[in-house]
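S.K.: My questions will all concern the structure given below.
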Amino acid sequence: MSPGDAAFLFLGTGTSSGVPVIGCTCAVCTSDDPRDRRLRCGAAIRFKDAEGAPRLLLIDTPPDHREQSLRHRFDRCDAILYTHNHVDHTFGLDDVRRYNAIMRQPIDVWADEHTLDHLKRVYRHIFERHKNVNDSFVADLIPRRIDESKPFDLFGLRITPVPLLHGRLPVLGFRADVLDADGQIAASQPGPFPLAYCTDVSAIPPASWRLLSGLRTLALGMLRYRAHPTHFTVDEAIDAAQRIGADQTYFIHMTHDIRHAELDPRLPDRMRLAYDGLIVTDG
Ligand SMILES: [Zn+2]
Ligand SMILES: [Zn+2]
Ligand SMILES: [Zn+2]
Numbered sequence: 006m007s008p009g010d011a012a013f014l015f016l017g018t019g020t021s022s023g024v025p026v027i028g029c030t031c032a033v034c035t036s037d038d039p040r041d042r043r044l045r046c047g048a049a050i051r052f053k054d055a056e057g058a059p060r061l062l063l064i065d066t067p068p069d070h071r072e073q074s075l076r077h078r079f080d081r082c083d084a085i086l087y088t089h090n091h092v093d094h095t096f097g098l099d100d101v102r103r104y105n106a107i108m109r110q111p112i113d114v115w116a117d118e119h120t121l122d123h124l125k126r127v128y129r130h131i132f133e134r135h136k137n138v139n140d141s142f143v144a145d146l147i148p149r150r151i152d153e154s155k156p157f158d159l160f161g162l163r164i165t166p167v168p169l170l171h172g173r174l175p176v177l178g179f180r181a182d183v184l185d186a187d188g189q190i191a192a193s194q195p196g197p198f199p200l201a202y203c204t205d206v207s208a209i210p211p212a213s214w215r216l217l218s219g220l221r222t223l224a225l226g227m228l229r230y231r232a233h234p235t236h237f238t239v240d241e242a243i244d245a246a247q248r249i250g251a252d253q254t255y256f257i258h259m260t261h262d263i264r265h266a267e268l269d270p271r272l273p274d275r276m277r278l279a280y281d282g283l284i285v286t287d288g
C-alpha cells in the first residue's frame, strides 16, 4: 500500500433520525452550513492491496447508503463490517446488490452473532433466497461471524474487533492496521492507519482501551450535550478521546443539538467534528 492510496471516508455522521430531523425548524435543522446536514452513520476504508487492486470496505449500511454511494461514486464493495444491529446502521443493506452486479461476486458480511441473527431475520429474502416466490434481484452475501476476541485479515489489513457497550447492548468498534509483506502489523503505516471506528458507544470496557492505543485516526460517537443512556455526550466523548490519545479524533453520530461551526472550534487539540463527505487521507 502506498501512502497516497489510503482513505477513511465519513459517509454519514448523523444520529438515527438524521439531521435535519423531519418536521424540525431548529437553528441546526435549518442551517445553511452543509456540515450541519448529517445522513445516518456509515464509513468506508478505501485502499489498494499489495497487488495494487482497489479495495473498499464498508462499515455499516445505513438507510442512506444509496445516497452516500452515489455521492462518492462507489463501484465496488469488498466486504461489510457491522458494528451492531440497529436500524440506522443496517437498513441500507439491500442496496449492495448493485456491487454484486458490477463485480459479479458475493460480498462477505462480517458481524457478531447477535447482529447476524438480526440480519438473517430482517433480510430473509437475501439469506433464504430459495424461499422467495419469484427469484428476483437480491443481494448475494456471505455471512461471516466475528469472534469478538479474534482479529481477522482482509486484503492486507488486520481488522481487530473492539468490544464496546451501547447502553446494555454489546456492540463492536473496529481497528484497522496495515500488514507488511510477512503478514505482520507494519512498523510504519501509511495514510490514516492505524485507524479505529467506534460508534454508538456509552462505555468502553476495561479490556478494550489497549486495543485503541497508538492510533493515528479515531472516529468516535458523540451524541449531544445532554446525558443519554446509550451514547456518549459531548463531554464524555471528549474525555474518552483524551484518554485514547489518537493523533486525530473525529466525532460522529451527532444530533441536531450540535451546530458544527459552534462546537468544532471549541474542541481540544487533535479533535474535530466529522461531517458528511469528509475524507481523511493522512490522519
Ligand atoms: Zn446509531
Ligand atoms: Zn432540529
Ligand atoms: Zn445503535
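Here the numbering used here is used: the first residue of the sequence shown is 6, the next is one more, and so on. Just so you know, even glycine gets a beta-carbon here, dropped at the ideal spot from N, CA and C. This one's a predicted model, so the numbers in the text were calculated from it and none came from an experiment.
#1: Assuming Thr289 is part of the beta strand (DSSP E), what are its boundary residues?
#2: Any chance you could list the residues with Cβ under 6 Å from a heavy atom of ligand 3, keeping chain order?
#3: What residue range is occupied by the uninterrupted alpha helix (DSSP H) comprising Ala49?
#4: Report yes if the C-beta of Val33 is less than 7 Å from at least one heavy atom of ligand 2; otherwise report no.
#5: Going by the CB atoms, is the gap between Cys46 and His261 shorter than 8 Å?
#6: Consult DSSP for Met227 and reduce its assignment to one of helix, strand or coil.
#7: Given this structure, state the Cα-to-Cα distance separating Ile284 from Lys136, to the nearest angstrom.
#8: Relative to the C-alpha of Ala48, which candidate in His258, Ile263, Ile243 has its C-alpha closest?
#9: Do Pro168 and Leu162 come within 8 Å of each other at the CB atom, strictly closer than that value?
#10: Any idea what DSSP makes of Asp113, helix, strand or coil?
#11: Go ahead and label Arg43 buried or exposed: buried means 16 or more other beta carbons lie within 10 angstroms of its beta carbon, across all protein chains shown.
#12: Count the other CB atoms, across all protein chains shown, that sit within 10 Å of the CB of Ala116; report buried if there are 16 or more and exposed otherwise.
#13: Can you determine whether any heavy atom of ligand 1 sits closer than 7 Å to the C-beta of Ser21, and answer yes or no?
#14: Given 7 Å as the limit, tell me if Val26 has its C-beta closer than that to any heavy atom belonging to ligand 2.
#15: By alpha-carbon positions, which one of Cys203, Leu216, Thr95 ends up nearest to Arg126?
#16: Kindly confirm or deny that the stretch 195-207 and the stretch 217-229 touch, where touching means at least three C-beta pairs closer than 8 Å.
#17: For the 8 Å Cβ check, are there 3 or more pairs between the stretch 144-162 and the stretch 64-72?
#18: So is Pro39 buried or exposed if we call it buried at 16+ other beta carbons inside 10 Å?
#19: With a cut-off of 8 Å on the beta carbons, I'd call Phe142 and Arg102 a contact; round off their distance for me.
#20: Using DSSP with H/G/I as helix, E/B as strand and the rest coil, what is Ala246?
#21: With a threshold of 16 other CB atoms inside 10 Å of the CB of Cys29, please say whether the residue is buried or exposed.
#22: Sorted by chain position, which residues of the same chain lie with C-beta nearer than 7 Å to Ala245's C-beta, five sequence neighbours on each side aside?
#23: Name, in chain order, the residues that DSSP records as bridge partners for Asp158.
M.R.: If we stick to the structure as given:
#1: Here the chain covers residues 6 to 288 and nothing more, so residue 289 does not appear.
#2: Put simply, the residues with a CB less than 6 Å from any heavy atom of ligand 3 are His89, His91, His171, Asp205, in chain order.
#3: Unbroken run through Ala49 is the beta strand (DSSP E), 47-53; no alpha helix (DSSP H).
#4: Within the cutoff, so yes.
#5: no
#6: The three-state secondary structure of Met227, taken from DSSP, is coil.
#7: 41 Å
#8: Nearest Cα to Ala48 within the set His258, Ile263, Ile243: His258.
#9: no
#10: strand
#11: buried
#12: buried
#13: yes
#14: yes
#15: Thr95
#16: yes
#17: no
#18: Exposure of Pro39 is indicated by the presence of fewer than 16 other C-beta atoms within 10 angstroms of its C-beta.
#19: 6 Å
#20: helix
#21: exposed
#22: Ile209, Leu225, Phe237
#23: Arg163
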